[in-house]
Amino acid sequence: MQRMRGQAPRNGRLDVLLAELFGCSRSACAKAIEEGRVQVDGKPAGKAGQAVSAGADLLMEIPLASDSPVEREDIPLEILYQDRDLAVVVKPQGMVVHPAAGNERGTLVNALLYALDGLSGIGGVKRPGIVHRLDRDTSGLLLVAKNDAAHLALSRQLAQRSMDKHYLAVVEGRMKQECGLIDAPIARSQKDRKKMAVDAQGRQAITRWRLLEAMTDCSLLDVKIETGRTHQIRVHMRHIHHPVAGDPIYGQRNGVKAPGLMLHAGYLGFDHPRTGEKMVFTVLPPQEWRLAARRLGLEDRVLEQWVREVQSQTALKQ
Numbered sequence: 001m002q003r004m005r006g007q008a009p010r011n012g013r014l015d016v017l018l019a020e021l022f023g024c025s026r027s028a029c030a031k032a033i034e035e036g037r038v039q040v041d042g043k044p045a046g047k048a049g050q051a052v053s054a055g056a057d058l059l060m061e062i063p064l065a066s067d068s069p070v071e072r073e074d075i076p077l078e079i080l081y082q083d084r085d086l087a088v089v090v091k092p093q094g095m096v097v098h099p100a101a102g103n104e105r106g107t108l109v110n111a112l113l114y115a116l117d118g119l120s121g122i123g124g125v126k127r128p129g130i131v132h133r134l135d136r137d138t139s140g141l142l143l144v145a146k147n148d149a150a151h152l153a154l155s156r157q158l159a160q161r162s163m164d165k166h167y168l169a170v171v172e173g174r175m176k177q178e179c180g181l182i183d184a185p186i187a188r189s190q191k192d193r194k195k196m197a198v199d200a201q202g203r204q205a206i207t208r209w210r211l212l213e214a215m216t217d218c219s220l221l222d223v224k225i226e227t228g229r230t231h232q233i234r235v236h237m238r239h240i241h242h243p244v245a246g247d248p249i250y251g252q253r254n255g256v257k258a259p260g261l262m263l264h265a266g267y268l269g270f271d272h273p274r275t276g277e278k279m280v281f282t283v284l285p286p287q288e289w290r291l292a293a294r295r296l297g298l299e300d301r302v303l304e305q306w307v308r309e310v311q312s313q314t315a316l317k318q
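Its first residue numbered 1, the sequence shown is counted upward by one per residue in the numbering used here.
Structure representation (structure tokens):
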């Protein structure tokens, strides 16, 4: 176990403050509280919803990644970059990010434990190194922390919305506008607990989109998320009546034919946690994705032009 200590930045719920302070998920913090691994001002924490005052001394014990019961597996994995603090990998479509009930093997974490020489332990024994996630059916860039200091710094960038993430999405129908903003809160669906839905009582979710190309029955978008809610892009696109093509959960029954979810995390920009250097990565969608897009009328040059555009925009900001 490793001990992490800090002061509550404001008044609030214990699990929320722990998540902000240490970069863990709220569920991981709640589990730590339940297992007696959290103290508030030197006393064992009571419950996840315990009220905490600003300045309170918070201590949480975190399992080391080396304590992980997850099996290391030699699974092919594309690693675009790595150093002693982090790695940037390309998650294939169809791969689950971390183990869970019914998916204990074949996940990205299984592959990371085998391929990398260290992972942060902040995310818990089943999520070592995981700074952010991608849906199972989404392909693309994923950032991995190799130590706790890097994990905390990268998590702060996520919380402060200074990390740039752009997705390529083929959506149903021809978009009539050149760009748009969707500001609609998201919560778990009351009708189907496996789904998410726009809900006035949900957590804030903001998505920006820009039209790259309009085909006959669908459109290619550059999508940027300012928050990271579960299924955010998929729910928001469904909300504006342009669901992501090939979406098995939120898509149209008689929509355009696609071999899978046409959503790809193609751009990632962040500040290096140790050096402060601006790090930028781009990757085109997998071959099957591009072939499906071609059948829908999209030319490869549009994707290649998008890569040049986002790279040039980043260069102008530096």
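Don't be surprised by glycine CBs; every beta carbon is placed ideally from N, CA and C.
All figures in this text were calculated on a predicted structure; none of them were measured in a lab.
Check	Outcome
Which of helix, strand or coil DSSP assigns to M4	strand
Strand pairing of W209, partner residues [DSSP]	G180 and V223
With 16 other Cβ atoms within 10 Å as the buried cut-off, status of K257	exposed
Local conformation of R237 per DSSP, three classes	Looking at the sequence provided, one finds Met at residue 237 rather than Arg. In this structure, M237 counts as helix in the three-state DSSP scheme.
Start and end residues, beta strand (DSSP E) containing V143	Here residue 143 is Leu; the residue named in the question, Val, does not match the sequence. Note, L143: beta strand (DSSP E), S139 to A145.
DSSP three-state assignment for Y114, whether helix, strand or coil	helix
Distance CB(V131)-CB(L158) smaller than 9 Å	yes
I122 versus G140, H151 and D83, residue with shortest Cα-Cα distance	H151
Given D135 as reference, the closest of R3, I249 and I62 once Cα atoms are compared	I249
Coarse secondary structure for K278, derived from DSSP in three states	strand
Euclidean distance between Cα positions of L21 and L119	19 Å
Per-residue burial, T138 [other beta carbons within 10 Å of its own, 16 or more giving buried]	buried
Given 8 Å, three or more beta-carbon pairs between the region 176-191 and the region 206-217	yes
Alpha-carbon spacing of H98 relative to C218, whole angstroms	32 Å
Alpha carbon of D15 to alpha carbon of G49, nearest angstrom	7 Å
Candidates R37, S27 and L220: closest to R290 by CA position	L220
Endpoints, beta strand (DSSP E) assigned at H264	L263 to D271
Opposing strand residues paired with R188 [DSSP bridges]	M196
C-alpha distance - A32 paired with H264, whole-angstrom precision	33 Å
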